[in-house]
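Numbering (our numbering), first residue to last: 25 to 237.
Backbone N, C-alpha and C fix where the C-beta goes; we use that ideal spot for every residue, glycine too.
Quantities reported herein were computed from a predicted structural model and do not represent experimental measurements.
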Ligand code: O7E
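This is the structure in structure tokens:
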């Protein structure tokens, strides 16, 4: 993933053709595409391979199982062309390590979730999860753009590992705040793919993210 636009597209659309249309419109303004269950279930896992021909694909299955099952999931995603995967940290360090091993380090570990409910269970343990991500050898963490002060705190724990940050736009976070707090990339979904002009929306958000280096 080339750090050019500092933005990752969250492609949570539920049709193959819509996914391809959105990607064609915004590909110049995003550095990677994150796909989650809605698109994988709607379009089939072949969509990973198809999109990987256009951009780096991050498979966001929020993997959170025992180590052996995690390994099997990650192997399938990587085999189909994923550049990285996202796992939860609450299943424990051995489960995170299984993802790290199966992806050769290309894992982002989810720490504190961006939605209001993220404060209930993920926030109190987010610092510990960041420590696990670091000691397991993950590539980076996921931290909330809706609480930029938490991005800054988590940055102190993980040092130079990467931070990717969802919650910009539809969830109320601001691209420039997240980048200024220490995020390497923002993750944006609805504010782009539900916009009247997705290309223009992506262009503006990428400009905001880039200008806050
Ligand atoms: O709100 P949107 O439409 O911009 O979409 C945000 C995307 O980020 C969506 O795919 C959602 O599943 C994801 N996300 C969060 O919104 N909050 C989190 O705490 C974590 C994620 C996530 O993607 O985790 C892995 C990056």
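Give me, in chain order, the residues of the same chain whose beta-carbon lies closer than 6 Å to that of residue i; leave out the 5 immediate sequence neighbours on both sides.
| i | result |
| --- | --- |
| residue 57 | 33, 35, 75, 79 and 81 |
| residue 97 | 87 |
| residue 237 | Residue placement at residue 237 is flagged as unreliable, the pLDDT there being 47, under the threshold of 50; a coordinate-derived value is accordingly withheld. |
Excluding the five sequence neighbours on either side, which residues of its own chain have a C-beta within less than 7 Å of the C-beta of residue i, listed in chain order?
| i | result |
| --- | --- |
| residue 225 | 215, 216 and 219 |
Between the beta-carbon of residue i and the beta-carbon of residue j, is there less than 8 Å?
| i | j | result |
| --- | --- | --- |
| residue 109 | residue 120 | no |
| residue 194 | residue 31 | no |
| residue 138 | residue 168 | yes |
| residue 51 | residue 208 | no |
| residue 190 | residue 46 | no |
| residue 83 | residue 101 | yes |
| residue 192 | residue 202 | yes |
| residue 117 | residue 159 | yes |
| residue 89 | residue 115 | yes |
Classify residue i as helix, strand or coil using the three-state DSSP reduction.
| i | result |
| --- | --- |
| residue 102 | helix |
| residue 164 | strand |
| residue 237 | At residue 237 the pLDDT is 47, less than 50, meaning the model places this residue with poor confidence and gives no usable figure here. |
| residue 197 | strand |
At a threshold of 7 Å, does residue i count as lining ligand 1 (C-beta to nearest heavy atom)?
| i | result |
| --- | --- |
| residue 63 | no |
| residue 214 | yes |
| residue 134 | yes |
| residue 129 | no |
| residue 138 | yes |
| residue 220 | no |
| residue 194 | yes |
| residue 148 | no |
| residue 172 | no |
| residue 58 | yes |
| residue 110 | yes |
Excluding five sequence neighbours on each side, which residues of the same chain lie with their C-beta closer than 8 Å to the C-beta of residue i?
| i | result |
| --- | --- |
| residue 125 | 95 |
| residue 62 | 36, 37 and 38 |
| residue 92 | 122 |
| residue 229 | 31, 53, 192, 193, 199, 210, 212, 215 and 216 |
Assuming the contact rule is C-beta atoms closer than 8 Å, residue i and residue j should be a hit. Round their C-beta distance to whole Å, please.
| i | j | result |
| --- | --- | --- |
| residue 157 | residue 182 | 7 Å |
| residue 43 | residue 72 | Actually they do not touch by this definition, with Cβ atoms about 11 Å apart. |
| residue 164 | residue 135 | Not really, about 10 Å apart at Cβ, beyond 8 Å. |
| residue 179 | residue 206 | 4 Å |
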